[in-house]
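Asker: Residue 220 is where the sequence shown ends in our numbering, and the numbering goes up by one at each step.
Structure incoming, see below.
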Amino acid sequence: MIELSASLLLRAYAAGIFPMAENADSEELYWFDPERRGVLPLEGFHVPRKLRRTVRRGPFDLRFDTAFRAVIEACAEPTPDRPKTWINGDILRLYTELHERGCAHSVECWSGGQLVGGLYGVALGGAFFGESMFSRVTDASKVALVHLVARLRTAGYTLLDAQFVTEHLSQFGAVEIPRAEYRRRLAAALAVPTNFGSVDQGTAIAALLGAEG
């Protein structure tokens, strides 16, 4: 059996493959390489009008990479809409190690000193692989996603992998592309130099919202 490691995980992402567990208690990970892949177009990203007003109002304290493990643990919690989760102990361990290496990042919404929403994902070259998000208050995960896209655009990323298109992501312009097209875009993105942490977020979010009027 091949030992699961953060290095193996990075090689899998570079090949277009990602892992999921059947449930939180599962001791096994399964590898996925969908025939059709969900992506969020960074240049064509759509911010719904009501959400755009919320982002401009700034109801949350936005932070990056200050509570990565707390974010992934929150994403693993069952909810009424999602009673089962695919994040097990191996996922938690591996992605925390990726974060410690600087290869995985969190976007966090805080309110009153409490973490109320956010998301996390993996960064390789100019590709960002979104993994999961959570909300404890209305719109927190959506605001985190908008701030993520603003940062990725400003930092020069070219691919935002959403894995699968959901109704939730469709409102932002998510589309499905064939596996071959995804791999072409991935190969091109991996060659792009980026720096996730080198962005002035105020400037980035203003540029994104301004682009939509």
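C-beta: ideal position from N, C-alpha, C; glycine also.
The structure displayed is predicted, hence computed values, not measured ones.
Within the same chain, show all residues whose beta-carbon is closer than 8 Å to that of residue 8, passing over the 5 residues directly before and after it, in chain order.
Answerer: Position 1 of the sequence shown, counting from 1, holds the residue named residue 8. Note on residue 8: pLDDT 39, under 50, position unreliable in the model; no value is reported.
Asker: Going by other Cβ atoms of all chains shown within 10 Å of its Cβ, with 16 needed for buried, is residue 187 buried or exposed?
Answerer: Against the sequence shown, residue 187 aligns to sequence position 180. The residue is exposed, with fewer than 16 neighbouring Cβ atoms inside 10 Å.
Asker: Kindly list the residues whose CB is nearer than 8 Å to the CB of residue 212, restricted to its own chain and excluding five residues on each side of it in sequence; keep chain order.
Answerer: As a position in the sequence shown, residue 212 is number 205, starting the count at 1. Excluding sequence neighbours, residue 212 sits near 62, 153, 154, 157.
Asker: Given a cut-off of 9 Å on the beta-carbon distance, is the pair residue 73 and residue 12 in contact?
Answerer: By 1-based counting over the sequence shown, the position of residue 73 is 66. By 1-based counting over the sequence shown, the position of residue 12 is 5. For residue 73 and residue 12, no; Cβs fall outside 9 Å.
Asker: Which whole-angstrom value is the C-beta distance of residue 49 and residue 159, which I expect to be below 8 Å?
Answerer: Against the sequence shown, residue 49 aligns to sequence position 42. Against the sequence shown, residue 159 aligns to sequence position 152. Going by Cβ atoms, the distance from residue 49 to residue 159 rounds to 6 Å, so yes, they are a contact pair.
Asker: Three-state secondary structure (DSSP) at residue 123?
Answerer: As a working mapping, residue 123 is identified with position 116 in the sequence shown. Strand, per DSSP.
Asker: Since residue 162 and residue 103 should fall inside the 8 Å C-beta cutoff, what is the C-beta to C-beta distance between them, to a whole number of angstroms?
Answerer: Residue mapping note: residue 162 aligns to position 155 of the sequence shown, counting from 1. Residue mapping note: residue 103 aligns to position 96 of the sequence shown, counting from 1. Actually they do not touch by this definition, with Cβ atoms about 23 Å apart.
Asker: If you run the structure through DSSP and keep just helix, strand and coil, what is residue 170?
Answerer: Position 163 of the sequence shown, counting from 1, holds the residue named residue 170. In the three-state reduction of the DSSP assignment, residue 170 falls in the strand class.
Asker: Three or more C-beta pairs under 8 Å: does that hold for the stretch 168-175 against the stretch 118-138?
Answerer: Flag = yes, the stretch 168-175 and the stretch 118-138 touch.
Asker: Among all the DSSP beta bridges, which residues are the ones paired with residue 68?
Answerer: Position 61 of the sequence shown, counted from the start, is the residue given in the question as residue 68. Answer is 117.
Asker: In angstroms with no decimal places, state the Cα-to-Cα distance between residue 120 and residue 83.
Answerer: Residue mapping note: residue 120 aligns to position 113 of the sequence shown, counting from 1. Residue mapping note: residue 83 aligns to position 76 of the sequence shown, counting from 1. Rounded to the nearest angstrom, the gap between the Cα atoms of residue 120 and residue 83 is 21 Å.
Asker: Return the Cβ separation of residue 45 and residue 174 in integer angstroms, given the expectation that the two are a contact with Cβ distance under 8 Å.
Answerer: For the purposes of this step, residue 45 is taken as residue 38 along the sequence shown, with counting starting at 1. For the purposes of this step, residue 174 is taken as residue 167 along the sequence shown, with counting starting at 1. Wrong, their Cβ atoms sit about 12 Å apart, outside the cutoff.
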